[in-house]
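Residue numbers (this note's numbering), protein chains in the order written: chain A, 1 to 508; chain B, 1 to 688.
Glycine included, every Cβ here is placed at the ideal spot set by N, Cα and C.
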Amino acid sequence: MIIEALIGFTFLAALVVMLAPDEYAGRLAFGLSLLPVVGSLYMWSQFDATGNALLEGGSLAFETQVPWLTAAGYQIQWFVGVDGISLPLIVLATVLSSLAILSAWTPIDSRQSQFFGLMLFMEANLLGVFTALDFFLWFVFWEAVLVPMYFLIAIWGGPRRKYAAIKFFVYTNIASLIMFIGFMALVFNLDVNTFGLPAVAVALRSGGLSGAFGLSPTALKTAAFAAMFLGFAVKVPVVPFHTWLPDAHVEAPTPASVMLAGVLLKMGTYALLRFNFTMLPDVATQYAGVIAIFAVVSVIYGALLALAQQDLKRIVAYSSVSSMGYVILGLVAYTQLGVGGATFQMVAHGLISGLMFMAVGVIYNVTHTRMVGDMSGMADRMPVTVGILVAGAFGYMGLPLMAGFAAEYFIFQGAFASSVIPVAPLFTAVAMFGIVIVAGYLLLAMQRTLFGPFRLETDYEVTRAELHDTLPLMVLLLCTIALGVAPDIFFTMIKEAVTPILAIGGGA
Amino acid sequence: MAAFDYAPAIVLLPFVSFLVSLGAALYGDDVLPKGGALAGIVATAGSLILSLWVFFTVSAGNVYNQTIYTWTTGAGAAGEEALELTFGLLLDPLSSMMLIIVSLVALLVHVFSLGYMNDEGETGLPRYYAGLGLFSASMLGFVVAHNILMAFMFFELVGLCSFLLIGFWFREPGPPSAAKKAFLVTRFGDYFFLVGVVAIFATFGTGRFAGAESFPVLAEEVLAGEVAVNTFGFAPTTWFTVVGLLVLGGVIGKSAQFPLHTWLPDAMEGPTPVSALIHAATMVAAGVYLVARMYGFYAVSPTALAVIALVGGFTALVAATMGVVKREIKQVLAYSTISQYGYMMLALGAGGYVAATFHLLTHAFFKALLFLGAGSVIIAMHHNENMWDMGGLKDRMPVTYWTFLSGSLALAGIIPFAGFWSKDEVLYEALVHGLGTDGGLGTIFLVAYAFGLLAVFFTGFYTFRMVFLTFHGDARTGQARDPEGVGWNVKGPLAVLGVLAAVTGFVNMTPVADLFDLDIEYLHRWLEGPEGVEFMSALSAHHYLELLESDVTGIHAAELDPLIPGGVSLLLALAGVGLAYALYGRGEPEEYTAKLGGVQDLLYNNYYQDEYQVAIAERVVLPLSRAADKFDQSGVDGVVNGVSSVSLFSGSRVRRVQTGLVSNYAALVTLGLTVLLVAFGIYGGWLL
């Protein structure tokens with residue numbers, strides 16, 4: 001019941017905050033958002049799931065499965081539960097939502113109750129995405145996440161917010177449609193009468209798929225895989241489906257960027273893992289080389305794009321493309337460290353990119369510019385913020401004993417000797433070169449903006465950041481270090497959940 | 001052993017001082033007395049005491065190789081056992097010796113910083129001491145690491161500290177730029193290192209340095225045909241060489257070897273005590289130490305050894321020539337550091353494990369001494385570092401002069417100072433192995449030896465050019481005539497290191513031992529390690545020699561009296577010193593190197609090494625990224641926007657259908673129905 005309690009409470013909190021007066025909305029929302037944090041940490045402490053949620057031999061934690069309605073002979077269920085893959089993402093979503101709300105106190109100065117209400121509404125749906133195990137239910141949450149994000153960008157965004165919001169919405173929505181068609185094509189030709197994801201996964205692998213549309217079962221599988229991969233690749237985003245991301249990030253208000261990079265992108269990688277790589281492992285392994293090319297191109301090309309940017313937020317935005325490329329590489333490796341590392345990277349990148357966006361946001365709050373050329377020597381005026389930003393940047397570069405290094409190292413180690421990816425060592429080594437480029441663009445940007453003699457091209461007086469601005473940064477930094485020093489906080493349960501996937505992917 | 005139980009505290013104590021100083025830095029400059037220096041001094045003194053305890057415990061015949069914390073476990077390949085990713089300590093003769101070097105120099109540098117930073121009224125001291133504390137902790141962690149992943153992690157952390165401390169004066173434009181360059185160039189090397197680490201785990205399933213299940217031992221067994229590992233389709237020798245060279249990338253970066261040496265001279269932008277600790281005695285040593293740490297792995301790959309020797313010898317010579325024309329005292333020392341680490345690499349490549357370790361030991365002391373001496377001079381000169389503005393400081397700062405002279409004699413390799421013994425052994429090893437080894441490998445060793453031998457002359461010259469210009473003759477500026485005095489906190493560390501630079505060489509006087517048939521090669525005996533400990537036999541100096549002389553590697557030593565090559569190198573060093581004396585030691589010195597014309601420009605600009613590296617960054621990588629950005633905006637995003645404009649356009653056209661006229665709609669309905677009917681008709685076969 002705790003999952004229902006969490007989701008229900010967060011929806012309720014969203015409603016309460018929507019109705020609250022603007023001046024209290026921020027504080028109220030933050031206070032209310034702490035309860036889901038406590039709840040998710042309680043779930044972590046009581047976690048007892050074994051195996052993978054979708055595969056035989058596993059048992060879910062906090063499971064609820066009740067029939068909801070029957071449509072066209074298919075049973076739709078309220079089916080939620082967590083395994084070792086989803087729980088870390090739930091903790092990430094609650095923690096990051098709370099901190100993003102806190103970081104919104106300063107920059108959001110109009111229609112606060114709506115803003116904070118939408119943030120909580122988004123959090124509730126995110127919790128749904130990561131817990132739902134019935135496709136219909138999951139898809140409702142999946143689509144519902146887009147709505148608040150659309151408004152967050154379109155109302156509180158920058159000058160080109162309309163363009164960015166519509167691009168974001170249309171692009172990801174079309175992708176969802178393609179994915180939806182792909183999945184439905186599978187289910188309707190499958191020997192099941194439910195949308196329950198575990199049942200679909202089992203039926204797919206037991207050969208219950210019949211051909212359709214003139215396609216053989218294998219061809220149908222491949223087509224469905226391609227459709228779903230495309231749908232999720234937009235969300236991740238994988239190059240070349242990434243161009244909505246920088247626009248959305250640049251225009252979005254900082255707290256929305258934090259959620260977008262920190263959690264929303266992980267919906268894509270989470271879904272790839274749950275659908276493509278768990279349900280259709282035979283197709284994934286067959287096309288592993290192609291997928292690995294997507295991954296490596298995302299890493300290197302994304303990093304090169306980041307190097308060319310002059311807007312701090314764009315730099316961080318493009319670097320996400322690069323980091324998500326590592327996730328794809330880890331997933332397709334079908335090894336324990338590869339898939340586990342990819343899952344770990346989802347959390348690690350969520351924390352670190354959240355930290356980076358927030359820190360850039362704090363600087364923007366006082367300087368009203370994000371352009372690299374507009375400022376220098378900010379370390380002189382904002383020592384604490386800059387200190388944390390530097391620490392976060394090194395975390396992004398993969399400094400050992402921070403979460404990003406653990407995740408990337410696991411992925412590299414897992415991909416290098418993968419028997420699924422052709423010429424795995426070469427792919428891995430090329431992707432690893434990303435760690436040099438990321439150091440290049442972050443160090444260059446830091447040198448130009450944070451160090452050197454103080455200079456600011458805007459007419460604003462630089463003031464010290466408030467405690468509620470820097471506190472979320474510190475919390476994220478500490479979380480990043482904690483996960484880097486003791487990755488087993490999450491990695492033990494992640495390994496438990498990914499190991500069954502390896503067996504079906506021929507990788508174990 | 002009790003000492004080993006407390007050994008983790010060697011790393012943790014400086015880490016605590018880091019946390020203390022960091023807290024103070026967040027709270028304000030004057031929370032702690034001396035800005036956090038005392039915490040650092042206490043912590044590093046504690047580390048030194050514990051390190052000595054470990055040293056004596058090791059010398060009593062005990063060694064330690066234990067995991068203390070499991071980071072995580074996980075399988076990296078199908079059907080393989082889970083890899084154990086752990087933190088643990090390997091305390092053996094090599095690491096316990098290095099622990100003393102690092103903790104001693106760290107302690108002295110902390111004390112010296114009282115004079116260089118506190119007394120000079122610097123701000124931001126807690127941040128400075130936090131950096132020093134974190135550096136000391138990371139470096140000590142690197143030294144005791146018992147597996148290569150842990151070593152890599154601390155290797156990166158010392159890189160971070162180097163970045164932070166080089167950029168300590170972040171309000172000026174120079175230091176942040178130098179800090180960036182240092183991190184980036186070493187990161188480029190570390191990329192290869194990390195690929196190497198991943199490859200080692202993927203190949204051997206372990207990253208341990210010592211023990212029956214360690215990768216050097218496994219490599220040996222694979223080559224002996226006793227076990228099999230995944231060598232990714234290559235022959236084992238080829239693959240091990242590839243892996244060894246990958247790890248070497250990190251070594252070349254950190255130890256500032258050609259062609260990744262360019263960051264070190266820039267790193268002199270940092271405070272001088274930092275240069276002494278990080279960029280002379282310890283962090284730069286990390287690369288060489290790593291090769292020594294896993295020497296068993298390199299010893300079975302002749303190709304890797306040849307590369308190491310050649311890179312080392314070449315770097316030793318090239319860096320020494322660049323040191324000849326520099327005007328600033330710290331620049332001379334920076335190039336000298338590059339050159340001296342080249343000697344260590346030369347020794348490692350040419351099969352001189354003991355010689356390399358020996359030179360690592362002596363160099364740590366005499367180079368830290370020279371940097372601190374230069375720091376003392378810089379205080380005296382009110383932070384003017386140009387040697388042409390100095391002169392005549394000998395009489396005004398005698399403690400600095402005499403200690404600096406001790407360090408200089410050691411650096412130049414003049415008997416009986418420390419550097420003479422160690423450099424002589426390096427060159428001797430290269431020569432005898434070059435003469436004794438057949439084929440191309442022997443030739444390479446001889447070439448590398450020739451480089452190293454030639455560098456001796458330049459070393460003697462630039463060292464004493466520096467000494468004469470700084471301390472001798474008449475004061476050339478007002479600053480030099482009236483230098484600022486330095487306190488006990490500067491003189492104390494100088495005195496300690498001055499004595500060490502003079503006497504450390506006595507721990508391994510190989511020529512004397514050979515000549516009089518004495519058993520006084522203490523360092524050699526020390527690196528043999530205690531008898532009867534199982535894992536130690538694979539880490540001992542004689543085991544490495546066995547590997548080198550095995551059929552796999554095929555390195556052999558020629559019989560050669562050590563006196564002749566020793567005499568030759570001493571004569572060359574003296575010739576260098578003599579030339580320096582002739583040019584700069586008498587009367588009013590001139591910039592004689594100006595007469596070299598184009599050669600001087602070439603040397604002063606470091607053979608334009610920086611230029612081509614900057615050009616790669618600015619003229620290749622940046623334009624590439626801009627081109628990618630342009631392609632992304634017009635190409636990739638252009639398609640996206642194109643699709644949307646097509647749909648907008650078609651939408652606007654289709655909209656015209658909605659005219660609002662009922663007759664139009666009726667016509668369209670009729671038309672549509674007709675088309676459908678015809679279509680169905682054709683499909684059903686009723687028509688046609």
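Check: Neighbouring residues, chain B, relative to residue 418/A (Cβ below 9 Å); Outcome: 76, 77, 78
Check: Same chain only: Cβ atoms within 6 Å of residue 17/B, ignoring 5 sequence neighbours per side; Outcome: 39, 40, 43, 133
Check: Complete runs of the beta strand (DSSP E) confined to the region 54 to 85 of chain A [at least 3 residues]; Outcome: 61 to 71, 74 to 82
Check: Among 305/B, 327/B, 397/B, the one whose alpha carbon lies nearest that of residue 600/B; Outcome: 327/B
Check: Chain A residues whose Cβ lies nearer than 8 Å to that of residue 177/B; Outcome: 447
Check: CB contact check: residue 429/A to chain B, cutoff 7 Å; Outcome: yes
Check: Meets three-Cβ-pair contact criterion under 8 Å: the region 56 to 76 of chain A and the region 220 to 239 of chain A; Outcome: no
Check: Sub-7 Å separation of residue 207/B and residue 200/B beta-carbons; Outcome: yes
Check: Assigned secondary structure, residue 507/A (DSSP; H/G/I helix, E/B strand, else coil); Outcome: The pLDDT assigned to residue 507/A is 47, lower than 50, so where the model puts this residue is not dependable, and the model offers no usable value.
Check: Closer than 7 Å to chain A by CB, residue 330/B; Outcome: no
Check: Own chain, CB closer than 6 Å to residue 431/A, minus 5 neighbours either side, in chain order; Outcome: 296, 299, 329
Check: Stretch pair the region 416 to 432 of chain A + the region 68 to 83 of chain B: three plus CB contacts closer than 8 Å; Outcome: yes
Check: Within chain A, partners of residue 27/B - CB distance below 9 Å; Outcome: Result: empty, since nearest Cβ-Cβ is about 10 Å, beyond 9 Å.
Check: Beta-carbon proximity check, residue 376/B vs residue 307/A, cutoff 7 Å; Outcome: no
Check: Beta bridge counterpart(s) of residue 66/B as assigned by DSSP; Outcome: 89/B
Check: Beta-carbon spacing of residue 198/B, residue 149/B below 7 Å; Outcome: no
Check: Where residue 540/B falls, given that 16 or more other Cβ within 10 Å makes a residue buried; Outcome: buried
Check: Chain-ordered residues of the region 231 to 251 of chain A with a beta carbon less than 7 Å from chain B; Outcome: 240, 243
Check: Length-filtered (4 minimum) alpha helix (DSSP H) runs lying within the region 591 to 641 of chain B; Outcome: 598 to 604, 609 to 615, 622 to 630
Check: Unbroken alpha helix (DSSP H) run spanning residue 36/A, endpoints; Outcome: 22 to 46
Check: Interface flag, residue 394/A vs chain B, CB-CB below 7 Å; Outcome: yes
Check: Partner residues on chain A for residue 612/B, Cβ-Cβ distance less than 9 Å; Outcome: Chain A residues near residue 612/B: none, gap ~17 Å exceeds 9 Å.
Check: Boundaries of the alpha helix (DSSP H) in which residue 125/A is found, first to last residue; Outcome: 112 to 131
Check: Any C-beta of chain B under 7 Å from that of residue 487/A; Outcome: yes
Check: Interface flag, residue 6/B vs chain A, CB-CB below 7 Å; Outcome: no
Check: Local Cβ density within 10 Å of residue 85/B, reported as buried at 16 or more and exposed below that; Outcome: buried
Check: Test item: CB-CB of residue 143/B and residue 93/B under 7 Å; Outcome: no
Check: Contact set for residue 188/A: own chain, Cβ-Cβ below 8 Å, skip 5 residues either direction; Outcome: 212
Check: C-alpha distance - residue 400/B paired with residue 286/B, whole-angstrom precision; Outcome: 28 Å
Check: Whole runs of the alpha helix (DSSP H) within the region 372 to 456 of chain B, excluding any shorter than 4 residues; Outcome: 393 to 396, 398 to 412, 418 to 436
Check: With 16 other Cβ atoms within 10 Å as the buried cut-off, status of residue 108/B; Outcome: buried
Check: Beta bridge counterpart(s) of residue 311/A as assigned by DSSP; Outcome: 371/A
Check: Cβ-Cβ separation, residue 72/B to residue 491/A (assumed contact under 8 Å), whole Å; Outcome: 5 Å
Check: Span of the alpha helix (DSSP H), counted from its first residue to its last, around residue 478/B; Outcome: 478 to 481
Check: Chain C contact residues for residue 72/B, given Cβ-Cβ distances below 7 Å; Outcome: Of the chains in the structure shown, none is chain C; the protein chains are A and B.
Check: Interface residues of chain A facing residue 187/B [CB-CB closer than 9 Å]; Outcome: 397, 435, 436, 439, 440, 443
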